[in-house]
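In what follows, a structure is listed as structure tokens, so that the remarks can point back to it.
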Amino acid sequence: GAVVSQHPSRVICKSGTSVKIECRSLDFQATTMFWYRQFPKQSLMLMATSNEGSKATYEQGVEKDKFLINHASLTLSTLTVTSAHPEDSSFYICSASDPEGTDTQYFGPGTRLTVL
Amino acid sequence: GEDVEQSLFLSVREGDSSVINCTYTDSSSTYLYWYKQEPGAGLQLLTYIFSNMDMKQDQRLTVLLNKKDKHLSLRIADTQTGDSAIYFCAVSPLGGGNKLTFGTGTQLKVEL
């Protein structure tokens, strides 16, 4: 149980294009999902907290117009990187909390974004 | 805000025990987690402990918590090559449905 998937696992795009990353909780309903960014050999940085049916809460320094988050259902949250630039290249990881379970966050496998 | 620190590297021989340490600053951290990350992958939850516990054992894993010193450790018994990965501790005052603060990560290398 408590499986979180992400799609795509890897994406390469041209500068200026937008990229959408999906995060799904497969066997539980997640009222809250989180989006993290991880640079090589570094820890995870929380970008935003996504609550189903409401606006996401962004961490300080994260541009909400650049990183659009939508949490339209209890099993799906999407992160759209708009007008991507090379500095947006990173490993993006989502997580979801299972309020009925062990009150822990379960992580997706991550999405490697490379912007040329 | 919360600050969580870990040593960057640990190298052990196969079959030995590994001890990965973590210190945090916020005494209100109630939920403490250990995650494992293999190259190019997401994070796998290994184990967790609540602040009202001193120790938790789960097969080869033992978590020790010293609340007074704000020190958390993860001991892996009989370390295997498959344990080579980066290990993150993470803390939260309110539980997994809330913001986690991650440590810097410890890269564990298991040598034959």
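So the protein sequences, as listed, match chains A and B. The first sequence maps to residues 1 to 116 in my numbering. The second sequence maps to residues 1001 to 1112 in my numbering. All C-beta atoms in this analysis are idealised placements derived from N, C-alpha and C, irrespective of residue type, glycine included.
DSSP places B/D1003 in the coil class of the three-state scheme, outside both helix and strand. When 9 Å is used as the limit between beta carbons, B/T1104 is near these residues of chain A: Q42 and S43, in chain order. Under the Cβ criterion of 8 Å, A/G16 is not counted among the residues facing chain B.
Counting only runs of 3 or more residues that sit fully inside the stretch 16 to 79 of chain A, the beta strand (DSSP E) segments are 19 to 25, 32 to 38, 44 to 51 and 67 to 73, in chain order.
What B/F1088 touches in chain A, judged by beta-carbon distance under 8 Å, is S43 and L44, going in chain order. Within 7 Å of the CB of B/A1041, the CB atoms of chain A belong to P109 and G110, in sequence order along the chain. The residue from A/Q29, A/D98 and A/L46 with its alpha-carbon nearest to that of A/A72 is A/Q29.
B/L1074 and A/N70 have their alpha carbons spaced roughly 36 Å apart. Within 7 Å of the CB of A/T104, the CB atoms of chain B belong to Y1033, L1045, Y1048 and G1096, in sequence order along the chain. By the beta-carbon neighbour count (other beta carbons within 10 angstroms, threshold 16), B/L1108 is buried. Listed along chain B are G1042 and L1043, each with a C-beta nearer than 8 Å to that of A/I93. At a C-beta separation below 9 Å, A/T49 has these neighbours in chain B: N1098 and K1099. In the structure shown, B/D1083 adopts helical secondary structure according to DSSP, grouped into three states.
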